[in-house]
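Contents: one structure, followed by commentary.
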Amino acid sequence: MHNDIQEVLFTQEQIEAKVAEIGKQLSEEYEGRNPLIICILKGAFIFMADLVKQITVPVEMDFMAVSSYGASTRSSGEVKIIKDLDSSVEGRDVLIVEDIIDSGLTLSYLVDVLQRRNVKSVKIATLFDKPARRTVDLKADISGFILPDAFVVGYGLDYAEKYRNLPYIGVLKPEVYSS
Ligand SMILES: O=P(O)(O)OC[C@H]1O[C@H](OP(=O)(O)OP(=O)(O)O)[C@H](O)[C@@H]1O
Ligand code: HPA
Ligand SMILES: [Mg+2]
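Residue numbers (the working numbering): 48 to 226.
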């Protein structure tokens, strides 16, 4: 285990099994359709890569980069689009793939942006969810794991751009971000 990690919440094996389950569920849900899957960078890149391999219907993919945390463990409250989509979403069945929903600010902003671009439907699949931390009313259609109110890293999630490559998800030792 990495020295800055206090506790592993979900192991690589548990995550793999959950991602396979979500992939199966989405394949059934989108049977006969051709969804556009949007990966929210940077955090969702590992989940996206593992998830799409488990989806059996034809899909298209696009990527959007947003940021609101910077080098902090709290949302700045301002969601910045750093890279917008390459393709049009008008009339499309859109599936947003996200690593974590915490305050809900990032996704409530993005759902609003997509709806104004006249999508046919929009659904959210998140691997991790911290419902206790919501400041806006937002629910995912699929939530893989429910997390306690603690800042976590790994499997794409960072603190100040570090730890994204850990294959598990863990709680960071408080002294790492308070120092
Ligand atoms: O529900 P919220 O409170 O909005 O938090 C969730 C968002 O915050 C993180 O992104 P971040 O802004 O850290 O950018 P990153 O993905 O590049 O790390 C995470 O990847 C989600 O997109
Ligand atoms: O717990 C978290 N860890 C990393 N990034 C995050 N963005 C929102 N919540 C978190
Ligand atoms: Mg981040």
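For glycine and all other residues, C-beta sits at the position ideal for the given N, C-alpha and C.
These figures come from a predicted structure and were not determined experimentally.
Under DSSP, the beta strand (DSSP E) around Gly191 begins and ends at which residues? Where Gly191 is concerned, the enclosing beta strand (DSSP E) starts and stops at 189-193.
Per DSSP, what kind of secondary structure is Gln53 in: helix, strand or coil? Strand at Gln53.
Run the proximity test for Leu152: is its beta-carbon closer than 6 Å to any non-hydrogen atom belonging to ligand 1? Because some heavy atom of ligand 1 lies under 6 Å away, the Cβ of Leu152 counts as near it: yes.
Identify, in the order they occur along the chain, each residue of the same chain with its Cβ nearer than 8 Å to the Cβ of Lys220, setting aside the five sequence neighbours on each side. Within the same chain, Lys220 has close Cβ partners Asp51, Ile52, Gln53.
Which residues in the same chain have their Cβ closer than 8 Å to the Cβ of Lys130, if we skip the five residues on either side of it in sequence? Close CB contacts of Lys130 within its chain, under the 8 Å cut and outside five residues either way in sequence, are with Leu88, Phe110, Met111, Ala112 (chain order).
Lys209 - DSSP class collapsed to helix/strand/coil: DSSP places Lys209 in strand when its eight states are reduced to three.
Does Ala207 pass the burial test, meaning 16 or more other C-beta atoms within 10 Å, or should it be called exposed? Under the 10 Å beta carbon count, Ala207 is surrounded by fewer than 16 other beta carbons and is classified as exposed.
Going by beta carbon distance, what residues of the same chain come within less than 8 Å of Asp196, once the five residues before and after it are set aside? Taking C-beta separations shorter than 8 Å and ignoring five residues to either side along the sequence, the partners of Asp196 in its chain run Lys177, Ala179, Arg180, following chain order.
In this structure, does DSSP put Glu137 in helix, strand or coil? In this structure, Glu137 counts as coil in the three-state DSSP scheme.
Beta-carbon within less than 6 Å of Glu145's beta-carbon, same chain only, minus the 5 sequence neighbours each way: which residues are those? Around Glu145: Ile87, Ala91, Thr173.
Have a look at Ser123, Lys167, Leu142 and flag the residue whose alpha-carbon is nearest the alpha-carbon of Gly151. Minimum Cα distance to Gly151 is reached at Ser123.
Using CA atoms only, rank isn't needed, just tell me which of Tyr215, Ser134, Ser115 is closest to Leu43. Because the chain in this structure spans residues 48 to 226, residue 43 falls outside the shown range and cannot be described.
If I'm right that Phe94 touches Gly203 with Cβ under 8 Å, what's the distance once you round it to whole angstroms? Their Cβ separation, rounded to whole angstroms, is 6 Å, which keeps Phe94 and Gly203 in contact under 8 Å.
What residues sit near ligand 3, counting only those whose C-beta is closer than 6 Å to one of its heavy atoms, in chain order? Selection around ligand 3 by beta-carbon proximity, strictly under 6 Å to any non-hydrogen atom, yields Gly90, Tyr116, Asp205 in chain order.
I need the boundaries of the alpha helix (DSSP H) containing Ser225, first residue and last residue. Here the alpha helix (DSSP H) through Ser225 covers 221-225.
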